[in-house]
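Asker:
Numbering (this note's numbering), first residue to last: 3 to 182.
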């Protein structure tokens, strides 16, 4: 790790890092990861590290998977992404929804697509609150979550986290969040 490299200088000047001590980052520099291979990442000096966090949960199928790369490239040539707001869908979303619901064994289930775990947790809490409000219990908003567990970094998901560093300085958790 070269704290004074051009990449580190650019990173330090323009990139705000999550869960990172800025003084230590300024002093020591960032680990510059340049490549992924299976369950490993490789830094600028060629040193390999096991990535036990799956690219912070975005690479659960590993890195540099040629088959997935080809499938993604093919899909991007047609339609890389499209939202499902306002009654819109696409063939892949409809087909995947059906497959996911069938896997759950819940015949009346629905799939709801999001782009992060924070968003998934936030949405589920909001849906639970909406459910209780629709049943005439708008004040039934208590959420019980695991102590010392990470659930995401949005306001609601951060409130679910039983981690002091996720609460301190942010006024979290919101009222009604209990950690066990």
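C-beta: ideal position from N, C-alpha, C; glycine also.
Quick caveat, the model's predicted, so the values are computed rather than measured.
(1) Per DSSP, which one or two residues make a beta bridge with residue 164?
(2) Please list the terminal residues of the continuous alpha helix (DSSP H) segment that includes residue 83.
(3) Mapping DSSP to helix, strand and coil, what is residue 169?
(4) How about residue 159 and residue 120: do their beta carbons lie closer than 7 Å?
(5) Quick check: is any heavy atom of the ligand COA less than 6 Å from the C-beta of residue 174?
(6) Given residue 108, which residues of its chain have a CB within under 7 Å of its CB, disregarding the five upstream and five downstream residues?
(7) Could you have a look at residue 69 and say whether DSSP puts it in helix, strand or coil?
Answerer: Judging by the given coordinates:
(1) 149
(2) From DSSP, residue 83 is part of no alpha helix (DSSP H); its letter is neither H nor E.
(3) helix
(4) yes
(5) In the structure on display, the ligand COA does not appear, and there are no ligands present to speak of.
(6) none
(7) helix
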